[in-house]
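Structure record follows, encoded as structure tokens.
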Amino acid sequence: MGDLTIGDAAPEFDLESDGGGRVSLSSLRGKPVVVYFYPKDNTPGCTKEAIAFSENMEAFKKLGITIVGISPDSAKKHDNFIAKHNLAVRLGADTDTQTAESYGVWVEKSMYGKKYMGVERATFLIDAEGKIAQIWRKVKVPGHAEAVFEAAGAL
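Numbering (our numbering), first residue to last: 234 to 388.
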């Protein structure tokens, strides 16, 4: 898909999540949601991003905003990631990458000249009606959670 723009309806997802539960976009309807995609649990950038969102969780909650991180890792790996780093974010297991594909973040990447498919770090701010209010692609982690919070505060 990849061509999502501000104002589009956010693609639905229903994923196994940490703690043995499920998380779906439809179950969060009626309040704003931050959905962030990241490549892999326990890697340096992904850990810093999850910690940054966790550190800002109380401020997001005061605005009535839910944060959901999504990666191709399993729910069990998410549980370990949360426990290891004391994270406050909810994590969805997109093990078949269909959700990443629907958001246009399952892309061809390249490392050391080798091409492979992977998740592009991206964040979507979704309003209470399920419409995309803001998109950040190719996210750089430093300051990102704060930028998302600032945009969310304007909803």
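Beta carbons: idealized from backbone N, C-alpha and C, even for Gly. From a predicted model like this one, the values you see are computed outputs, not experimental measurements.
Note down the Cα distance separating residue i from residue j, rounded to an integer number of angstroms.
i	j	result
L358	Y345	32 Å
I300	M290	8 Å
D236	V372	17 Å
Q253	A242	According to the sequence shown, residue 253 is Gly rather than Gln. Taking the straight line joining both Cα atoms gives about 28 Å.
F314	R370	23 Å
Q331	S307	14 Å
G376	F382	10 Å
R255	K347	35 Å
G386	D247	26 Å
Among the residues of its own chain, which have a CB less than 8 Å from the CB of residue i, if the five just before and after it don't count?
i	result
R262	A361, E362 and G363
A333	F270, I303, P305, D327, W339 and V352
I365	L237, T238, I239, G240, D241, A242, A243, F357, L358 and I359
R323	S250, D251, V256, T299, I300, V301 and G302
Using the rule of at least 16 other Cβ atoms within 10 Å of the residue's Cβ for burial, across every protein chain shown, is residue i buried or exposed?
i	result
V275	Note that residue 275 corresponds to Asn in the displayed sequence, not to Val. It is exposed - the Cβ of N275 has fewer than 16 other Cβ atoms within 10 Å.
Y269	buried
L296	exposed
R354	buried
T238	exposed
D251	buried
G325	buried
V267	buried
Y349	exposed
Enumerate in chain order the residues of its own chain whose CB-to-CB distance from residue i is below 6 Å, with the five nearest sequence positions on each side excluded.
i	result
G351	P272 and K342
K309	none
Quick test of your reading: residue i and residue j, contact by CB under 8 Å. State the CB separation rounded to the nearest angstrom.
i	j	result
A378	F286	5 Å
L320	A283	5 Å
S257	E245	7 Å
P265	L388	5 Å
T280	H318	6 Å
Would the beta-carbon of residue i be found less than 7 Å away from any heavy atom of the ligand SAM?
i	result
R323	Among the components of this structure there are no ligands whatsoever, and the ligand SAM is therefore not found.
Using a Cβ-Cβ cut-off of 7 Å (strictly less than) and excluding sequence neighbours within five positions of residue i, which residues of its own chain qualify?
i	result
Q367	I239, L358 and A384
A292	F382
S259	E245
Next on the checklist: I'd like the ranges of any beta strand (DSSP E) spanning at least 3 consecutive residues and lying wholly in the region 328 to 388.
Outcome noted: 339 to 344, 347 to 352, 355 to 359 and 365 to 369
Next on the checklist: In chain order, what are the residue ranges of uninterrupted alpha helix (DSSP H) at least 4 long that sit wholly in the region 236 to 319?
Outcome noted: 277 to 288, 290 to 295 and 308 to 318
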